[in-house]
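Asks:
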Amino acid sequence: MSLIHIAWRNFCHRALSSFLTTFSLALGVGLVVLVLSIYGVISEAFTRNASVGYNLVVGPKGSPLQLTLNSVFYLSQPIENLPYTEYMEFLSQDERASMVKKFGGDPKLAERNGRYAPFVSGGFAIPLALGDYFGQYRVVGTTPDFFTKLKHGPNVDEDFTFSNGRAFQTYSPEHQYFEAVLGARVAKDMKVGVGDTFNPTHGDPEGQGHAQGFHVVGVLDPTGTPNDRAAFVNLEGFYLMEGHAKPVENVDQFKPQNDDVLDQTIDAVESDEDGSEQDTSTADLQTTVDAGSSETSDESGSSEKIRLLTIPEREVTSILVRNGNMLFAPGMQNAINEGIRAQAAAPIGEINKLMSMIVGPLLTALLAITGITCAVAAVGILVSIYNSMNDRRRDIAIMRALGARRSTVTNIIVFESFQVALIGTIAGWLLAHAAMVVFSGQIEDQTGVQVGFFTTSNYEIFVLPLVLCLALIAALLPAWAAYRTDVGSNLSA
Amino acid sequence: MTQLLDIKRLKKSFTQPEGGNLLILDIPEFQIAKGEQVALIGQSGGGKTTLLHLIAGLLSLDEGSIRIDGIETNVLSEQGRDRFRAETIGYVFQTFNLLPAFSAIENVRLGMAFGSGKHQYSRAADLLTRVGLKDRFNYRPSQLSVGQQQRVAIARSLAGRPKLLLADEPTANVDPSSADSVLELIRETCREEEVSLLTVTHDMQIASRFDRIEKLDEINQVDHSSASSG
C-alpha cells in the first residue's frame, strides 16, 4: 500500500471537507487559467491583426497608437485627414501624372516622383478614408488593391476570398462608383448580402444617413481580423458622397483639360456589355476618362452628372504601406516622421507598446488578484488539513506504532495536500477551458481568434508547479504537526 | 530456550508538570523466550503500557538495554527503531486503533506498509480469513462489531510476520463472552506463526490462561502504590 494510496484514503474519508477545499482551489485556478487564456487570445488577436501584409501605417501627426487603432482595428476615432497629395508621395511619377490627368490638380505634381516612391517600389501604398458607418460598423473607403495586395492569416499568406460575389471595382457600368464589399460579420449582423444596397451614416453610427447608397457586390469570407467588422466602399464613391469633398476655392482651375478622351471612354464602356468582367486597368481607364471629362453620365444614359473630386478636394485618413524592401522601412519611417504633416507608425510596434503599457499591467493586476485567490485557496488547504489534525493525531500515532517513520507520516500529509492541489488544478483547468469552449463563438466573433478546448496559453504550464508549491507551503504546518505527534500520548487517548 | 526479548537494568522516568522526574520503571531483568507466551499483570498506572512502548521502541529508555532477537534496540536511531518495529514487532491495542478511513483488509495491509516486505494482498486476505472475517474484507471499522474490529487488529498486528507480539489489554473493550475467543485467537495465531507473545492485563482471569504469568510490581522495583499515572 503506497503512501499516495494512504493519502488518497484520507482525502476520501473527509469527502465534504476535501471537496470544498478542492473546489475552492479549482475556482482559483480556473480564474488564473481563464485570465491567462484571455490574455493569450487578446495578445494573439492584436498581434495577428496587426500583421496583415503591410508594415507601416501613415496618417496625420498625433498619437501613433490612435492611428494604428483606427486604421488597423477600426477602433477609436481618426485623428484628422491627410491631403491626397501625401498619398501621392508614395507613387511614381507616371502614376502621379496619371492621377493629375484623371482627377485634375496642380500640374507640378506630375513632374516628379513621389518623395517616398523609391522606398515603396516593389511594395504598395493603399489609401483609407474613414469617418462613415454602416450600423455600428466602420465604412472604409479604399481601392480594389485592398483585396488583392493585402494578406491575412496566421502566416500572413492568405488572400481575401469571397463567400459570395466579388471585389468592388473602381468603376462598373452597373453601379458606377458605388460598389461595396462587406466583412463577414457585417453581412451576418446587418443581414445584407450581394445585391442589397446600404446608405452609410456620416460621422457616427447614429449620424445622418447619406443619400448616396452603395451596392453590395461581395461578402468576404471570415478572416479572423477586424476586416470582418468593416464595410468597404470604393474610394471614389466615398469621395462622391455629400460632405466628403474638402472645400477648395477656385476648384475649376484644377479640372482636367483633356476632354477629348471622354468620347473614347464612353465608347469603351458601351462596348463592354458584361461590365462585370471589367478589370482594374479598364476601370482605371474608365476613371481616367470620367475624370478627364470631370463630369460624366451613367451607363443608362441618365442625365445625372457625376463629377469626380479633384486632387485638392481629396483627403485620406491613412495609408497602409508595405516597403518593397524592408530594409528601407526605418529610413522611410524617419523621413515621414520628420515631416510636418504626417507620421508613420509600425502597427506591431504600437500594439506591442499597448500590450506592455496597458494590457500587460492590467494582466499583471488580474493575475495578482487571481493569484491571491489561489493563495486564499491554499490557505483553505492549510486550514482544512490542520483542522483535521486533531482527529488524525491518533491515526498518525497508530501508523507510527505500525512502523511508519516521522518522515513517512509527514510525506502522507504533503501528498494529501498535493492531491488537493493536483485535482483542484486539473478541475480548474477543465472549468476554464470548458468556459472558453462555451464562449468560443463570441470570442471568435469579437476577436477573430478561434479557441478550442485545448487552446492553451504558454503561461499555463506554470500553473501546476505554482499551485503545487502553494500546496507544499500550505502542507508545511500540518506536516510539522504530524512530524511532532507524540505516539505514546495519542495511542493512549 | 533462546531468548527473544532480553531486558536488563531498564529505567524510565517522566518529567512531572510541577518539575522533577518521576521514575516509572526500574526493571533489573526480564526475558521472554522465542515462541513463549507471557501474561504480565499489573495495576492501572503501574507502567504496563509504558513498558510495551519501550519494548516497541516508541519511547526511549533512560538507562539499561532492551535486546530483541539479538539486536539492542535502544542504541538504534529513531528511524532504525521505526524500521525494526515495522519488521519485528506486532502491536494489539486495547482500543483496537483501526484507521477509520480504511477498510478491514486495508487496515491489515497497513501492518505491512511500513516494513521492507511486500504488501501482499493475499497475506492480508489469509489473515482475515483465519480470524473469521472472510466476508468482511471491504467493511470499514464503523461497519464492524467491536469483536470484529479486534479481530482485524489482531490480523493487522501479525501481517508483517513479527517475531514478538505486544498485546495491551486486548480484551478490555470486548464483551466478556467474546473475550475468551479473542484471547484464544491471539494465542492460537501466535502459535501458528511462531510469534512470542507478551500480553499485559490487569485481569487475573485472562492472565490465568497463560503458562507464564509475571507480576509487574514484582519485576519493577518502583513502588507504585501511591502513583497515579503510567
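From first to last, the protein sequence lines are chains A and B. Heads up: the first sequence begins at 1 in my numbering, then just goes up one per residue. Heads up: the second sequence begins at 1001 in my numbering, then just goes up one per residue. Backbone N, C-alpha and C define an ideal beta-carbon position, used for all residues, glycine too.
How would you call B/P1170, buried or exposed, if buried means at least 16 neighbouring beta carbons within 10 angstroms?
Replies: It is buried - the Cβ of B/P1170 has at least 16 other Cβ atoms within 10 Å.
Asks: Excluding the 5 residues flanking A/V29 on each side, which residues of the same chain have their C-beta closer than 7 Å to its C-beta?
Replies: Hits under 7 Å: C374, G424, T425, G428, W429, V463 and V467.
Asks: Does chain B have any CB closer than 7 Å to the CB of A/M389?
Replies: No, A/M389 does not count as interfacial toward chain B.
Asks: Over the uninterrupted beta strand (DSSP E) stretch that includes A/R96, give me the two end residues.
Replies: Note, A/R96: premise wrong, no beta strand (DSSP E); alpha helix (DSSP H) at Q93 to F103.
Asks: Straight-line CA distance for B/Q1221 to B/L1023?
Replies: Using only the alpha carbons, I get a separation of about 10 Å.
Asks: Are any of the Cβ atoms in chain A nearer than 7 Å to that of B/Q1148?
Replies: No, B/Q1148 does not count as interfacial toward chain A.
Asks: Buried or exposed: which applies to A/G243, given that a residue is buried once 16 or more other Cβ atoms fall within 10 Å of its Cβ?
Replies: By the neighbour-count rule (16 or more Cβ atoms within 10 Å), A/G243 is not buried but exposed.
Asks: So what does DSSP say about A/T148, is it helix, strand or coil?
Replies: In the structure shown, A/T148 sits in a helix (DSSP, three-state: H, G or I).
Asks: Taking 7 Å as the cut-off, decide whether the C-beta atoms of A/I311 and A/Y116 are in contact.
Replies: No, the pair does not count as a contact, with Cβ atoms beyond the cut-off.
Asks: Please list the residues of the stretch 1130 to 1158 of chain B that have a C-beta atom closer than 7 Å to any C-beta atom in chain A, keeping them in chain order.
Replies: For the stretch 1130 to 1158 of chain B, which is checked against every Cβ of chain A, not one residue is closer than 7 Å.
Asks: Are the CB atoms of A/T166 and A/D228 nearer to each other than 7 Å?
Replies: The displayed chain sequence assigns Arg, not Thr, to residue 166 of chain A. No, the pair does not count as a contact, with Cβ atoms beyond the cut-off.
Asks: What do you reckon, are the CB atoms on B/V1092 and B/S1181 nearer than 7 Å?
Replies: No; because the gap between Cβ atoms is not below 7 Å, this pair is not in contact.
Asks: Starting from the C-beta of B/L1076, find all residues in its chain whose C-beta is less than 8 Å away, skip the five residues before and the five after it, and write them out in chain order.
Replies: So the list reads G1057 and F1084, once near-sequence residues are dropped.
Asks: Check the Cβ-Cβ distances between B/F1102 and every residue of chain A, and say whether any is below 7 Å.
Replies: By this cut-off, B/F1102 is an interface position.
Asks: How is the alpha helix (DSSP H) around A/N250 delimited, first residue to last?
Replies: Element bounds for A/N250: n/a, residue is neither H nor E.
Asks: Can you name the residues of chain B whose CB is closer than 8 Å to the CB of A/L20?
Replies: Chain B residues near A/L20: none, gap ~18 Å exceeds 8 Å.
Asks: Looking only at its own chain, which residues have a Cβ that is under 6 Å from the Cβ of A/L75, when we skip the five neighbours before and after it?
Replies: Correct list, in chain order: L69.
Asks: Quick one: what's got a C-beta closer than 7 Å to A/P347's C-beta in the same chain, skipping five residues either side?
Replies: Taken in chain order, the residues that qualify are A50, V57, T68 and V72.
Asks: State buried or exposed for B/T1088, treating a residue as buried only when at least 16 other CB atoms are found within 10 Å of its CB.
Replies: Buried: at least 16 other Cβ atoms inside 10 Å.
Asks: Are at least three pairs of beta-carbons, each pair with one atom in the stretch 234 to 248 of chain A and one in the stretch 91 to 101 of chain A, less than 8 Å apart?
Replies: The stretch 234 to 248 of chain A, when compared against the stretch 91 to 101 of chain A, does not touch it at the 8 Å Cβ threshold.
Asks: Bridge partners for A/S172 per DSSP, in chain order?
Replies: A/Q176.
Asks: Would you report the Cα separation of A/P222 and A/V216, rounded to the nearest angstrom?
Replies: The alpha-carbon atoms of A/P222 and A/V216 are separated by roughly 16 Å.
Asks: When you compare the CB of B/F1096 with every CB in chain A, is at least one pair closer than 7 Å?
Replies: Cβ-Cβ to chain A under 7 Å: no for B/F1096.
Asks: I'd like to know whether the C-beta of A/R484 is nearer than 7 Å to at least one C-beta of chain B.
Replies: Not an interface residue.
Asks: What does DSSP give as the partner residue(s) for A/Q343 in the beta ladder?
Replies: Answer by DSSP bridge pairing, in chain order: A/G59.
Asks: Any heavy atom of the ligand ADP closer than 6 Å to the Cβ of A/F134?
Replies: The ligand ADP is not among the ligands present in this structure, which contains no ligands whatsoever.
Asks: Please state if the CB of A/I398 and the CB of B/N1097 are separated by a distance shorter than 7 Å.
Replies: Against a cut-off of 7 Å, the Cβ pair of A/I398 and B/N1097 comes out as a contact.
Asks: Buried or exposed: which applies to B/M1112, given that a residue is buried once 16 or more other Cβ atoms fall within 10 Å of its Cβ?
Replies: Looking at its Cβ environment, which holds 16 or more other Cβ atoms inside 10 Å, B/M1112 is buried.
Asks: Would you give the residue range spanned by the beta strand (DSSP E) that A/L470 belongs to?
Replies: Premise fails: A/L470 lies in the alpha helix (DSSP H), V463 to Y483, not in any beta strand (DSSP E).
Asks: With distances taken between CB atoms, is the gap from B/K1011 to B/G1064 smaller than 7 Å?
Replies: Cβ distance < 7 Å, so B/K1011 and B/G1064 count as in contact.
Asks: So, B/S1013 versus B/D1062, is the Cβ gap smaller than 7 Å?
Replies: Yes. Within cutoff.
Asks: Is the Cβ of A/D395 closer than 7 Å to any Cβ of chain B?
Replies: By this cut-off, A/D395 is an interface position.
Asks: Tell me, please, whether the CB atom of B/H1053 is closer than 7 Å to any CB atom in chain A?
Replies: Yes, B/H1053 counts as interfacial toward chain A.
Asks: Is the beta carbon of A/F168 closer than 7 Å to that of A/K149?
Replies: Cβ atoms of A/K149 and A/F168: not closer than 7 Å.
Asks: Taking the runs of the alpha helix (DSSP H) that are 4 residues or longer, which of them lie wholly in the stretch 345 to 383 of chain A?
Replies: With a minimum length of 4 residues, the continuous alpha helix (DSSP H) runs that stay inside the stretch 345 to 383 of chain A are 347 to 354.
Asks: Taking Cβ-Cβ distances shorter than 7 Å, what residues in chain B pair up with A/V32?
Replies: The premise fails here: A/V32 is roughly 31 Å from chain B at the closest Cβ pair, so nothing lies under 7 Å.
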